[in-house]
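Peer 1:
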Amino acid sequence: MSLQIKKGDRVRVRTGRDKGRVERVLGVRRDTSGRVVKVLVEHVSMVRRHKRAAGRQQQQGGIQEQEAYIDVSNVMLVDPKNSQSTRFGVGQSPDGKKVRISRKSGSPV
Numbered sequence: 089m090s091l092q093i094k095k096g097d098r099v100r101v102r103t104g105r106d107k108g109r110v111e112r113v114l115g116v117r118r119d120t121s122g123r124v125v126k127v128l129v130e131h132v133s134m135v136r137r138h139k140r141a142a143g144r145q146q147q148q149g150g151i152q153e154q155e156a157y158i159d160v161s162n163v164m165l166v167d168p169k170n171s172q173s174t175r176f177g178v179g180q181s182p183d184g185k186k187v188r189i190s191r192k193s194g195s196p197v
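Numbering follows our numbering, with no gaps: position 43 of the sequence shown is 131.
1) Note down, in chain order, each residue of its chain lying with its Cβ closer than 7 Å to the Cβ of residue 147, except the 5 sequence neighbours on either side.
2) Mind reading off the beta-carbon distance from residue 118 to residue 127? Whole number of angstroms is fine, and I expect it under 8 Å.
3) In whole angstroms, what is the alpha-carbon distance linking residue 159 and residue 104?
4) To test your reading of the DSSP string, which unbroken alpha helix (DSSP H) runs of 4 or more residues are found completely within the stretch 155-196?
5) With distances taken Cα to Cα, identify the nearest neighbour of residue 177 among 112, 95, 100, 186.
6) What separation, rounded to the nearest whole angstrom, lies between the Cα atoms of residue 89 and residue 168?
7) Using the C-alpha atoms, what's the distance from residue 149 back to residue 143?
8) Give me the Cβ distance between residue 197 and residue 165, rounded to the nearest whole Å; I'm assuming they're in contact under 8 Å.
9) For residue 91 and residue 102, I'd like the C-alpha separation in whole angstroms.
10) Residue 180 to residue 191, Cα distance in whole Å?
11) Give me, in chain order, the residues of the same chain whose beta-carbon lies closer than 8 Å to that of residue 189; leave out the 5 immediate sequence neighbours on both sides.
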């Protein structure tokens, strides 16, 4: 199990034009060693992409808005207990599995 930021986590954006927003992670990009380096956050870092029509009637072309990847250093996990951004460490659950533990509240993330 990867103990880094994962798809589905709630994160707070720390920098940029969307600073302070709390949203869900839609995807992650990893480097060659497997570490998370970029995250795709819902409704954050919206960009416009020009899309070409794919055939006569299948898909319409035009300008579409979509999320862009941002660096993982620009987001922090949100503690589910008190909804504040927090650092996290590694702990053990009662059944012996490794889990992410919030540094502020001590609860599993």
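Yeah, the Cβ is synthetic: ideal placement off N, Cα and C, and Gly gets one too.
Keep in mind that this is a model prediction, so the values were computed, not measured.
Peer 2: Looking at the coordinates:
1) 141
2) In fact, because the Cβ distance is near 11 Å, the residues do not count as touching under 8 Å.
3) 11 Å
4) none
5) 186
6) Since pLDDT at residue 89 reaches only 43, below the 50 mark, its modelled position is unreliable, and the value read off the structure follows with that caveat. C-alpha separation (whole angstroms): 20 Å.
7) 10 Å
8) 6 Å
9) 20 Å
10) 14 Å
11) 176, 177, 178, 179, 195, 196, 197
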